[in-house]
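The sequence shown begins at 1 in our numbering and counts up one residue at a time.
Using N, Cα and C, we set each Cβ at its ideal position, and we do this for glycine too.
Written out below as structure tokens is the structure these notes cover.
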Amino acid sequence: MSASWTAHPTAIIDDGARIGAGTRIWHWVHVCGGAEIGSGCSLGQNVFVGNRVKIGNGVKIQNNVSVYDNVIIEDGVFCGPSMVFTNVFNPRAEVSRKDEYRNTLVKHGASIGANATIVCGATIGRYAFIGAGAVITKDVPDFALMTGVPARRTGWMSRAGLRLGRDLVCPQDGSRYRLTEAGLLEEVA
């Protein structure tokens with residue numbers, strides 16, 4: 001254990017893992033030796049972090065989440081309880097496909113709800129919001145609200161995590177957004 005981060009005595013942190021200052025690791029967590037975890041993160045009970053995983057700063061990973069190889073999580077991401085990442089598109093117990101892992105990227109500020117599933121190969125956009133139980137099978141635009149199985153865009157979310165109305169103004173902080181051919185953009189004052 002390092003003086004700059006804390007781990008519960010039941011946690012297993014393999015040699016070589018890089019963990020940033022102020023990160024808290026709770027009960028029954030396993031962090032593999034090749035993992036990179038930023039500062040100020042929280043890994044809840046029973047989290048697994050694979051060797052080829054990068055986790056940014058200020059990330060919150062709730063209980064019972066496995067972050068498998070080839071997943072990159074940028075700063076400020078929230079991963080809800082028991083949500084699922086995958087890394088093989090068509091797994092079979094009798095066929096080794098470790099050379100076929102697909103990359104998954106979760107961009108800055110995104111939130112993934114409890115029990116959601118992220119099928120490998122997808123990119124989750126900045127400040128996107130994945131609803132509880134949703135199944136993501138393709139890329140998600142910035143600020144998109146995704147719900148259902150398979151998930152589809154059912155609205156837009158503000159940076160503050162609130163659903164935007166037709167006026168595309170955040171009801172909490174008044175920030176404004178505009179819809180373009182490239183997607184939803186936050187207007188800069």
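Considering only Val71, Gln172 and Gly183, the residue with the shortest C-alpha distance to Cys120 is Val71. DSSP links Lys54 through a beta bridge to Glu36 and Ile72.
Here Ala134 is near Gly113, since their CB atoms are less than 8 Å apart. At a Cβ-Cβ threshold of 8 Å, Ala17 and Val31 count as neighbours.
Apart from the 5 residues on each side of it in sequence, Asn87 sits with its Cβ closer than 6 Å to the Cβ of Tyr68, Asp69, Asn70, Tyr101 and Cys120 in its chain, given in chain order. Here Glu186 carries a strand assignment [DSSP, helix/strand/coil].
In the DSSP assignment, Trp156 falls within the unbroken beta strand (DSSP E) covering Arg152 to Trp156.
In the DSSP assignment, the residues bridged to Ser111 are Phe78 and Phe129. The Cβ atoms of Lys107 and Gly131 lie no closer than 8 Å to each other. Within the same chain, and ignoring the five residues on either side of Asp173 in sequence, the residues whose Cβ sits closer than 6 Å to its Cβ are Ala160. Beyond the five residues adjoining it in sequence on each side, Pro141 comes within less than 6 Å, by CB distance, of Gly125 and Gly183 in the same chain, given in chain order. As the crow flies, the alpha-carbon of Tyr127 is around 5 Å from that of Gly109.
If you draw a 10 Å sphere on the C-beta of Phe89, you find fewer than 16 other C-beta atoms in it, and that means exposed.
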